[in-house]
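Written below as structure tokens is the structure these notes are about.
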Amino acid sequence: MLEINNLHVCVEEHTILNGLTLSVSAGEVHAIMGPNGSGKSTLAQVIAGREDYRIIKGSITYSGQDLLSMPAEDRARAGLFLGFQYPIEIPGVNNTYLLKAALNAQRAARGENEIDAFEFMKIIKEKIELMQIPKDFLTRSVNEGFSGGEKKRNEILQMLVLQPTLAVLDETDSGLDVDALKVVADGMNSLRSPNNAMILVTHYERLLEYVVPDFVHVLSEGKIAKSGDSSLAGELDKRGYDWVQSKTENT
Amino acid sequence: MTQAFLQEQFRARIQELPGTETMRVARQKAMLSFNSSGYPTRKWEDWRYTDLKTISSAEYDPIPALPSANTISHAKQQVDSLGLAKDAKSIVFIDGYLKNSFGPLPATHEIEIANLYETAEHSIRSSTSAFYEGMPLAALNTAFSAGGIYLQVAADTIITAPLHLIFVASNEPSITQQPRVVINLKPGSQLQVIQHFIGSTPSISWTNAVTQITQEAGSTLRLYRIQDESETQLHTELLSSKLAADANLELGYVDFGGSLVRNDARIDLAGPGASCSLFGLSIANKGQHIDNHIHINHIEPRTVSQQAFRSIIGDQGRGVFNGKVVVQKNAQKIDAQQSSDNLLLSERSEINTKPELEIYADDVKCTHGATVGQLDEEQLFYLRARGVDETAARGLLTFAFANQIINRLQIPELKERVMREILQRLPGRQQWDELL
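As you go down the protein sequences, you meet chains A and B in turn. FYI, the working numbering numbers position 9 of the first sequence as 9, with every residue one higher than the one before it. Numbers given in the working numbering equal positions in the second sequence, counted from 1, plus 1000.
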């Protein structure tokens, strides 16, 4: 589904990703871990189509398409979803409105009709309940006045409404207390199916106790320094990132 | 119109203007006043950014012909296009003339509605030199105004249905319309007025309007002024209001039309506890210039003023905002807030925004803030990452910016119409406007 090959990315004069290669297939959950500054968020942003980054070398193929040549909105319509690390507040644009616009843009790209209003409300109500979001949410502006936890739950709500083929969730777990983390994890797990995939970018192992990944990759200095199964996350938690970094230096 | 042309027209045609002999004397005084000052020029501090040369150098008929049957039927279509409810109370002016041909003036015993120039007392009282002092365009309106309306609400009377005053600029080329509105609210009364300035003339004409308001103790006025004239129209207006103790004024401006627009509001908070809340939205597209000059005078203690103005300036559009707040020595414990937020959509958009505070009291709360900027790139990316294309995302964010002012309109039908007008002026709306 997603093939990242030898990706080199710069911001201004700094190389952030330095030959990253990653392959994600349908049905898989990959966790990308790593210390601050290792390039985790850059990877998420580049996949989603942020234009502030310069691609020096390498390619990203998504369902057979050259992802890097597509604008951000086309990627979203093709079923790619970025869960923002810092969700943006948009005063004056209502949540329901954004959800509907996003969903219909996707449906139009697939050649489907706009969603029926009744059907739409049914989906929203169900997902709102799952994510334990207050009802007045629907009439409020996007993320305006939301607490940090509410913003993250809103990201997952959007994901569940849009049912992406590939979700890249950038530190959705940061800043959440245990209860909120469980709600968010339940949301993520409910999306898991043989047809879609998820990339969880996270700093901590805690989330991965609730959403157990098929693969864990450790990013260091812009490339994947180590990959393993879910047990790698636990090991990292015990031994710290220095363990991986010193190991790469040795080789 | 050059001063010489105006003077000549005034001398030759004063008999064509309505009103009593005493009113004519008042008009002559006003004309003298205008002659001694001339048009405001950019050397005047209050006119630094707005140049009236387009007006002062061309010839616009200061006393247009009475509207013909054709003009009236055309105007009627325009009024119909406002889509007001069948039972809406409305008063129509065409080219500055008060026109009751769409039906008699709406009359109730609770609200007095009269042709201003048919009541000597009201016309003369509203035309004193003290009123137009230092304001040449208001003096000019006093001299030439051919149509006016007088509204008075009796004490403790609450008028719930909004009264629509509709000013239609006809297709008659090169004319000046100078309507005048006088509103008097007796103690404890309440009124809602919506002023619509409309027109679709392809030629250049000039609207020079005056609204004079007196609010007695504890009265409440909501006045919305929607200016949607043709994009060739020149529009200047003065709204002045004097509020007695505990009176409240809510004043909302929306400006879409006009090539050169200058709105002046002068509010005197002249009784303890009087308050006013002003808001405005301007959309200036190619070649349009929209200037809002607000002057609020806190004369008495515990008076409150709020101003929230926003403008959206497109390519080669220009905006001006000047919010002056004066706090007199006696005006302790007042609260004055002001904000001016401006969205520039192009590198060739221009805004001049300036708060001006003059405070002579020592126990006051005054805040002001101004922002000037482009659309937020982070917000744009967020929308695009959800599948909204860039053009639509830009349109949507621009709409959201405007919406925060439009949401203040408390009359649902009006709010809806204004929203539609805004949507028409934004890019990419096909993708999202039906979702609102």
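Where a beta carbon is used, it is the ideal one built from N, C-alpha and C, also for glycine.
Annotated three-state conformation of THR172(A) is coil, per DSSP.
Contact of ASP1363(B) with chain A is not assigned, every C-beta pair being separated by 7 Å or more.
The Cβ neighbour count for THR42(A), taken over all protein chains shown within 10 Å, is at least 16; the residue is labelled buried. Residues of chain A whose Cβ lies closer than 7 Å to the Cβ of GLY1387(B) are, in chain order, GLU73, ALA76, ARG77, ALA102, ALA105 and GLN106. DSSP places GLU1121(B) outside any beta strand (DSSP E); the residue lies instead in the alpha helix (DSSP H), whose first and last residues are 1120–1125. Here DSSP, grouped into helix, strand and coil, assigns GLN1233(B) to coil. SER1056(B) is positioned such that its CB atom lies closer than 7 Å to that of TYR1039(B).
Taken atom to atom, the span from the alpha-carbon of ILE1406(B) to that of ALA1385(B) is near 27 Å. Collapsing the DSSP output to three states places SER1145(B) in coil. The C-alpha of ASN1322(B) is placed about 6 Å away from the C-alpha of PRO1355(B).
If the five residues before and after ARG1310(B) are omitted, its C-beta is found closer than 6 Å to the C-beta atoms of LEU1281, ASP1341 and ILE1405, all from its own chain and listed in chain order.
The secondary-structure analysis by DSSP pairs TYR1097(B) across a beta bridge with ILE1094(B). Under the DSSP definition of a beta bridge, PRO1355(B) partners with GLY1323(B).
With a cutoff of 7 Å on beta-carbon distance, MET131(A) and ILE115(A) are scored as not near each other.
Counting C-beta pairs closer than 8 Å gives three or more between the region 75–92 of chain A and the region 150–170 of chain A, which meets the contact rule.
Chain A has no Cβ within less than 7 Å of the Cβ of ALA1308(B). By the beta-carbon neighbour count (other beta carbons within 10 angstroms, threshold 16), GLU126(A) is exposed.
From the beta-carbon of ARG1384(B), the residues of chain A found nearer than 8 Å are GLY49, PRO71, ALA72, GLU73 and ALA76.
With respect to the 7 Å criterion, SER1123(B) and GLY1019(B) are classified as neighbours on the basis of their beta carbons.
As computed with DSSP, SER1339(B) is found in a beta bridge with ALA1308(B) and GLY1369(B).
Membership of ILE1194(B) in the beta strand (DSSP E) is indicated by the continuous run 1190–1199. Non-local C-beta neighbours of ASP1046(B) in its own chain, meaning closer than 8 Å and more than five positions away in sequence, comprise PRO1040, HIS1293 and ASN1322, ordered along the chain.
Look at GLU1378(B): its C-beta is under 7 Å from a C-beta on chain A. The distance from the Cβ of PRO1064(B) to that of THR1176(B) is about 7 Å, consistent with a contact at the 8 Å cut-off. A direct Cα-Cα distance of roughly 25 Å separates LEU208(A) from TYR62(A). When C-beta distances to chain B are compared with 7 Å, every residue of the region 116–128 of chain A stays at or above that value. For GLN1410(B), not one C-beta of chain A is nearer than 7 Å to its own C-beta. Straight-line measurement puts the Cα of GLY187(A) at about 22 Å from the Cα of HIS217(A).
Around the C-beta of TYR1360(B), fewer than 16 other C-beta atoms lie within 10 Å, and the residue is accordingly described as exposed. Across the structure, PHE1005(B) and ARG1013(B) are spaced so that their CA atoms are roughly 12 Å apart. DSSP places TRP1047(B) within a helical segment (H, G or I) once states are collapsed to three.
DSSP places GLN1316(B) outside both helix and strand once states are collapsed to three, so it counts as coil. For ASN196(A), there is no enclosing alpha helix (DSSP H), as DSSP marks it with neither H nor E. Scanning ASN36(A), ALA26(A), GLU13(A) and CYS10(A) for the CA closest to the CA of GLU3(A) turns up ALA26(A). Contact between the region 1129–1136 of chain B and the region 1176–1188 of chain B is not established, with fewer than three Cβ pairs separated by less than 8 Å.
Under the three-state reduction of DSSP, LYS135(A) is assigned to helix.
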